[in-house]
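Visitor: Residue numbers (my numbering): 39 to 596.
Note that CB positions come from ideal geometry on N, CA and C, so glycine has one too.
Given the structure is predicted, the values throughout are model-derived calculations rather than measurements.
First the structure, then my questions, so here it is.
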């Protein structure tokens with residue numbers, strides 16, 4: 039616009055090389071002194087070096103008149119914005135979409151919910167045949183603004199017609215014959231690729247079947263979160279539409295989600311139960327869960343079960359079914375499995391058939407006889423679990439069927455029952471508080487005794503450690519950690535084992551007994567690099583501590 043000319047950086051550099059080369063030849067021909075020839079020779083060498091790499095070590099970079107370093111060959115190739123990473127490995131592409139993801143427990147693991155807005159922009163080229171011509175004509179009549187429609191039609195001679203500018207789409211639809219190509223909207227069942235960055239392993243990009251839904255976000259089944267490492271706090275994901283029959287076939291056979299249930303890293307299922315699925319499974323299969331006929335029908339309808347109801351487990355005074363019976367309906371009749379549940383720890387530990395706590399799973403001929411279903415049975419990233427055995431013995435498609443149907447039933451259990459965590463879940467009675475206080479008093483007294491021993495020089499050092507280090511090690515390991523553990527045991531003893539926070543921790547759905555301990559009893563010693571807090575102001579870590587105070591509260595015991 040301004041009429042100014044500007045050349046590429048490489049052009050400038052080549053001009054410098056040619057100019058210096060000409061001067062060098064002239065001076066050699068004229069018999070110039072050696073010192074001038076050597077200077078020109080070195081200058082030519084400098085221009086050639088910076089032409090290839092303008093960041094060579096020990097050589098000042100070549101610059102434009104206004105001081106910008108030239109972008110020469112090496113700079114164009116290397117780095118994040120270079121040719122390899124910026125343009126070859128990663129590039130902008132057509133037929134792709136990006137949006138925020140949100141959860142949907144009602145679609146299948148092989149499906150992805152696509153907003154209608156996106157489905158009307160992304161297209162699939164479909165060749166018109168005598169079998170699909172009526173369907174293709176309907177898409178053309180609907181046009182680009184009504185889903186499912188079409189955006190373009192391509193005639194056999196290669197002419198492309200944009201349907202936004204066609205006034206009489208009915209007339210155009212009538213002219214379409216086999217051999218034309220209709221670029222139709224995405225519809226339910228289309229194969230697309232779904233990806234979350236960073237793409238760290240092969241399961242970061244998988245094939246899904248489209249399910250067009252209202253809204254503006256991509257919908258994802260929660261069991262597919264672990265392979266993508268996705269959550270719903272604002273994560274965005276990319277969707278790509280394969281444009282040929284061959285690409286769609288490859289995606290379906292090689293990349294479909296169900297083909298990646300088992301991780302190549304450790305052989306176990308990377309797609310499986312998380313959080314609410316595990317809590318729902320535990321509640322449904324617990325000994326105390328009895329269901330009326332109405333409950334059973336509602337849960338089985340959520341799981342899309344088709345078949346006869348089992349005989350009730352209790353007949354009199356009223357008919358009741360157990361949750362174990364419902365899960366058994368979805369297990370193959372020749373399936374057998376034995377193994378501990380996640381709750382099989384501490385006092386509830388069982389490793390044989392006769393388990394009072396129902397923490398050892400026994401499945402015989404497709405019937406769940408004993409044990410509760412929790413993280414160890416259906417959880418994601420749990421090798422040798424019940425779900426792992428099901429996938430290994432009956433195939434990936436059965437694994438997808440099991441997740442799609444049974445997991446929906448687990449969610450329905452929570453929808454009907456309610457599953458929230460309240461402040462009351464971690465409130466302990468007065469008696470428990472008194473027991474915890476007595477543990478703390480003993481711990482503080484023991485800490486005081488060790489500090490006094492150290493000050494008197496009577497503390498026996500640990501081999502290889504100084505007296506100061508010995509005091510810190512003994513306070514951390516023998517006194518404060520033990521105090522927190524004892525307080526935790528007291529708190530857990532008084533917590534209702536069926537409160538929701540406790541259920542989540544025991545079953546492996548979310549959190550741990552340590553989290554419960556810290557909420558109900560005491561947080562414990564805060565450490566930095568495995569040591570008590572000792573830095574801060576002069577000789578005291580916090581402003582409200584006394585100088586030289588080594589007691590637990592002054593050094594980060596909460």
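Whether or not the segment 150 to 159 and the segment 177 to 188 are in contact is what I'm after, with contact meaning three or more pairs of Cβ atoms, one per stretch, closer than 8 Å; do they touch?
Guide: yes
Visitor: Classify residue 582 as buried or exposed, calling it buried when 16 or more other Cβ atoms lie within 10 Å of its own Cβ.
Guide: exposed
Visitor: Judging by CA-CA distance, which residue of 135, 201, 164 and 239 is the nearest neighbour of residue 219?
Guide: 164
Visitor: Quickly, what does DSSP pair residue 359 with across the bridge? List them, please.
Guide: 329
Visitor: Are residue 308 and residue 235 close, meaning C-beta to C-beta below 8 Å?
Guide: Result no, Cβ atoms of residue 308 and residue 235 do not sit closer than 8 Å.
Visitor: For residue 355, count neighbouring Cβ atoms within 10 angstroms of its own Cβ and tell me buried if that reaches 16, exposed if not.
Guide: It is exposed - the Cβ of residue 355 has fewer than 16 other Cβ atoms within 10 Å.
Visitor: Can you tell me where the beta strand (DSSP E) holding residue 614 begins and where it ends?
Guide: Because the chain here runs from 39 to 596, residue 614 falls outside it and cannot be looked at.
Visitor: Measuring alpha carbon to alpha carbon, tell me which residue in 136, 176 and 84 is nearest residue 207.
Guide: 176
Visitor: Whose CA, out of 587, 231, 549 and 241, lies closest to the CA of residue 290?
Guide: 231
Visitor: Starting from residue 161 and walking both ways along the beta strand (DSSP E), at which residues does that stretch end?
Guide: 161 to 165
Visitor: Does the CB of residue 341 have a neighbour CB from chain C at under 8 Å?
Guide: This model lacks chain C altogether, as it is built from one protein chain only.
Visitor: Which same chain residues end up closer than 8 Å to residue 51 when comparing Cβ atoms and leaving out the 5 residues on each side of it in sequence?
Guide: 85, 88, 89, 100, 108 and 110, listed in sequence order.
Visitor: Taking residue 535 as the reference, which of 415, 324, 363 and 98 has the closest Cα?
Guide: 324
Visitor: How would you write the range of the beta strand (DSSP E) that residue 151 sits in, first residue to last?
Guide: Where residue 151 is concerned, the enclosing beta strand (DSSP E) stretches over 149 to 153.
Visitor: By DSSP's criteria, residue 277 is part of a beta bridge. Which residues make up the other side?
Guide: 135 and 232
Visitor: Identify every residue that forms a DSSP beta bridge with residue 401.
Guide: 375 and 406
Visitor: Mind listing, in chain order, the continuous alpha helix (DSSP H) runs of no fewer than 4 residues lying wholly within the segment 301 to 349?
Guide: 314 to 323 and 331 to 340
Visitor: If I measure Cβ to Cβ from residue 274 and keep anything under 6 Å in the same chain, skipping five residues before and after, which residues do I get?
Guide: 136 and 138
Visitor: Do residue 233 and residue 243 have their C-beta atoms closer together than 8 Å?
Guide: yes
Visitor: Output the distance between the C-alpha atoms of residue 526 and residue 468, rounded to the nearest integer angstrom.
Guide: The alpha-carbon separation between residue 526 and residue 468 amounts to approximately 15 Å.
Visitor: State the beta-bridge partners of residue 563 as determined by DSSP.
Guide: 595
Visitor: Roughly how many angstroms lie between the CA atoms of residue 280 and residue 292, to the nearest whole one?
Guide: 13 Å
Visitor: Taking just the CA atoms, how far does residue 528 sit from residue 472?
Guide: 10 Å
Visitor: Excluding sequence positions up to five away, which residues of its chain have a Cβ less than 6 Å from the Cβ of residue 81?
Guide: 58
Visitor: Could you pull the start and end residues of the alpha helix (DSSP H) that residue 459 belongs to?
Guide: Careful: residue 459 lies outside any alpha helix (DSSP H) and carries neither H nor E.
Visitor: So what does DSSP say about residue 43, is it helix, strand or coil?
Guide: coil
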